[in-house]
Amino acid sequence: MAASTLPPFAKVDSRQNPPHAAWSASAALPPPELGSYSSSTREIDQAAAAMGDIPRGTGQTPLAALEGLLAQDLEVDYDADDAKIEGMTVTLKPYQVQGVKWMQQRESGRHKGGILADDMGLGKTIQTLALIVSNHPSNEDATVNYVVKEADVAKAKAQRKKKALAEQGEDNNHQDDSKGIPREKVEVKSRTTLIVAPVAVMKQWESEIRNRSNADLKVMIHHGPTKASNSAKFKSYDVVITSYNTAAAELDDKDPVLLRMRWLRVVLDEAHTIKNHTTKAAQACFAMSERAHSKWCLTGTPIQNTALDFFSLIHFLDIPPFNELRHFKDKISKPIASANQNSVNWGMKRLLVVTNAILLRRQKDALFEGKPLITLPKRTVETVSEPFDNDAEREFYASWEAKAKKNAEEQQDSYIGMLVILLRLRQAADHPFSITRKVDVEDIAPPVPKKKAATGEPGQVTAEVDPLDELADLLSSTALTTVSCQRCHAQIKVKPSEPSPEMCEECVEAVRTSRIDWTAEGSTKIRMMLKILKQIRDLGDEKTIVFSQFTTFMDLIGYALDAEGFEHVRYDGSMTSTERAVVLQKFAEKPSIKVAVMSLKAAAVGINVTSASRVIFTDVWWNPTTQDQAIDRAHRMGQTRDVTAYVLAISGSVEERIIALQEKKRALASAALEGTKLKKGSTKLSKEELNYLFNGGRI
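If you're matching positions, the sequence shown starts at 1 in the UniProt record's numbering and goes up one per residue.
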């Protein structure tokens, strides 16, 4: 079959081209070709200068603009036969063929690997599996036949076609051009690919490999009871799957088997997990990278809190000169965070020079031949806002809000302290018992003093809590020797081995005197949830995911569901990977189970829950990305029904202000598609925004 060239994918908006197209059109020098990246700072700055002016958008932060500029258009030779890869049981979509070819070419380059940053749901797993199957060492010898650069492939094809036409005439015009594509035969020191993934998706990776490939790949999960005792065991497997937690734990092991093994490739799924380069998980990934032939980062959210988040990915991929922390800060992250517009432009353009060479990103709203890359059912998000429905709950919340405002004023210099107070206020809007119980370590960990390494270089692990991370990341800390009363914020001394008290004795007594047994009471929020669930139950066989960030509130939701006759399952961070897989299977296959109560932290990314078409958020957070990712657990490839999400909020409470702030953050992200002015900023909550959440007023 004759080869054709895939046109660039178009964006679905009023423009004819994505933001970076205008840069390329006016550039004196083209962006670097794939695989031809130069590590010369001078050449990088020359390429950055050639990009021209940054597109400007009203109220647009640099990172919001950068997210829009990352989307890429590729022109590669495409043959229908390319969609069927030997060893795969599925047929690839055209954009996935592009992605696999790009990955194959990257593995033949000098810096082997890159960042596949396709939108959630576009099949990063399938493309990576196709790469593993197609670039796999032969059984006869330890070699891989890597595809060489696209330009060389096209040139060789043209030469073969010209020769064939000359020898056999016009009738051979439709010969199989796929034969004899030039490849680079490379000897490798391993045949094993390592996949590092969140615990929640390890079983999913195993299932995808077994069901989507017939290449007889041997797969092992290195986690929990199935961990290997020595690295020699890995050598008999084609793919090893492990978790970030397991990798981090091996940093302290006398025999860190993951770190001793030589890998054919290391793949980081949800690679933004290592965005804080000082964490043990990041350090373990850096160490494994040094012993890998090629390295890959998979993430649907390449933009997180600050430009510095990119450093971990670039350091893992070992892309000079920005794999050095000081150089990255001086040339990229500090300029982007600058108040000087010229500095912001230069920082962004330098980063784009790098990402143009090593990163591929396609978005769901892109078109191919006039059709979306993927066609999904309708997605609707409804905000359901109601006041407290009883005086006792209303008065309870009012007392906590007054105390929270006072404490927030006293904590102005403690960013984390203010976040903790905000979290407690949000819990008071869910259910009073969330406040009057003992602390659950998965819900809350009080602020800890920062301990900073002398240089902050990647080789040094610090105990610093990154204030730019979402609060959910702060809640996974271990027990502490000093905690704060969450009512009056007084300091309480606690032994690390003992459970942390929620409040000081005075506040405990004050709550007791209210003479309300909140464990026996429902709450307005729970009644709002039950009302929606009963309406859904009347529709027939629809299933619902109920998300919460708080484990104690998940307990209360479970009690309410039992009382109302809803058969349900629970999915949270305390479960093993096997237990999580069993829960997902039961929810998908058992018709009588209508509800899955899920921890937002544990289930917002990675998993597939297309058996549900309704989603309820019982609590909200300021960053809309987390909410969008959670909805995508149901609204993704494989979903056949329209998906409706309900965001529950108590009117007049902090939750309404959080939703208003969400809309502001969402507007900043979508501003990447417009053409007005950039301003300094990031996705971190500013002090002004925190003040708004406590006191209202203007955002």
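Glycine residues also receive a C-beta, built at the ideal position from the N, C-alpha and C atoms.
Everything numeric in this text was worked out from a predicted model, so none of it was measured.
*With 16 as the cutoff for other CB atoms within 10 Å, does L258 come out buried or exposed?*
buried
*Rounded to a whole number of angstroms, what is the C-alpha to C-alpha distance between A247 and A83?*
35 Å
*asked:* Per the DSSP calculation, Y646 is bridged to which residue(s)?
replied: E382, I616
*asked:* Under DSSP, the alpha helix (DSSP H) around K189 begins and ends at which residues?
replied: It is not in any alpha helix (DSSP H) - K189 carries neither H nor E in the DSSP assignment.
*List the whole-angstrom C-beta distance separating A596 from A612, where the pair is believed to meet the contact cut-off of C-beta under 8 Å.*
7 Å
*Which ranges does the beta strand (DSSP E) cover as unbroken runs of at least 3 residues, wholly within the region 315-341, from first to last along the chain?*
none
_Extent of the continuous alpha helix (DSSP H) to which V100 belongs_ = 94-106
*Report buried or exposed for T301, applying the criterion of at least 16 other Cβ atoms within 10 angstroms of its Cβ.*
buried
*What's the C-alpha gap between R210 and H136?*
Distance between the alpha carbons of R210 and H136: 16 Å.
*Could you tell me the distance, in whole angstroms, from the CA atom of Q627 to the CA atom of H111?*
35 Å
*asked:* So if DSSP puts R265 in a beta bridge, which residue, or which two residues, is it bridged to?
replied: T193, S294
*With C-beta atoms as the reference, is A117 less than 8 Å away from L367?*
no
*asked:* Let me check understanding here. Comparing Cα to Cα, which of S651, S294, L351 lies closest to S322?
replied: Note on residue identity: the sequence assigns Phe, not Ser, to residue 322. Closest by alpha carbon: L351.
*Tell me, which residues are paired with P372 by DSSP?*
L367
*Pull up the distance between the alpha-carbon of T551 and that of S434, whole angstroms please.*
Spanning the two alpha carbons is a distance of roughly 9 Å.
_Beta-carbon proximity of I303 to V354, cut-off 8 Å_ = no
_Per-residue burial, G565 [other beta carbons within 10 Å of its own, 16 or more giving buried]_ = exposed
_Integer-rounded CB distance, given that T618 should sit under 8 Å from R636_ = Taking the Cβ atoms as the reference, R636 lies roughly 22 Å from T618, outside the contact range of under 8 Å.
*Taking just the CA atoms, how far does E410 sit from S651?*
26 Å
*Just the Cα atoms here: how many angstroms apart are residue 759 and K218?*
In this structure the chain extends from 1 to 699, so residue 759 is not present and cannot be described.
*Nearest candidate by alpha-carbon position, reference G121, set A630, M288, L690*: A630
*Hey, quick one: how far does the alpha helix (DSSP H) through L116 stretch, first residue to last?*
Element bounds for L116: not the alpha helix (DSSP H) but the beta strand (DSSP E), 113-116.
*Are the region 264-275 and the region 196-203 touching, with three or more C-beta to C-beta distances below 8 Å?*
Cβ pair count under 8 Å is three or more, so yes.
*Hey, would you say K275 sits closer than 8 Å to D330, going by beta carbons?*
Taking 8 Å as the Cβ cut-off, K275 and D330 do not qualify as a contacting pair.
*Examine the Cβ distances between the region 575-592 and the region 551-562 and report whether three or more of them are shorter than 8 Å.*
No, the region 575-592 does not touch the region 551-562.
*Outcome for R527 when other beta-carbon atoms lying within 10 angstroms are tallied against a minimum of 16*: exposed
_Cα-Cα separation between S294 and E107, rounded to whole angstroms_ = 7 Å
*asked:* Just to confirm my understanding: we take I593, look at its own chain, exclude 5 residues before and 5 after, and list those with CB closer than 7 Å. What are they?
replied: E567, H568, V569, K586, F587
*Give me the Cβ distance between F396 and T524, rounded to the nearest whole Å; I'm assuming they're in contact under 8 Å.*
Not quite, the Cβ-Cβ distance comes to about 11 Å (not below 8 Å), so this is no contact.
*Around the C-beta of L533, are 16 or more other C-beta atoms found within 10 angstroms, so that it is buried, or is it exposed?*
buried
*alpha helix (DSSP H) containing A248: first to last residue?*
244-249
*asked:* Buried or exposed for R191, going by 16 or more other Cβ atoms inside 10 Å?
replied: buried
*Is T644 closer than 8 Å to E382 when the C-beta atoms are compared?*
yes
*Could you pull out every residue in the same chain whose Cβ sits closer than 6 Å to the Cβ of E33, ignoring the five residues on either side in sequence?*
Legend: pLDDT at E33 = 41, less than 50; position of this residue unreliable, value from coordinates given subsequently. Same-chain partners within the cutoff: there are none.
_Boundaries of the alpha helix (DSSP H) in which I126 is found, first to last residue_ = 124-134
_Spatially closest choice to G123 from I44, E208, G109, by CA coordinates_ = Of I44, E208, G109, the residue nearest in Cα terms is E208.
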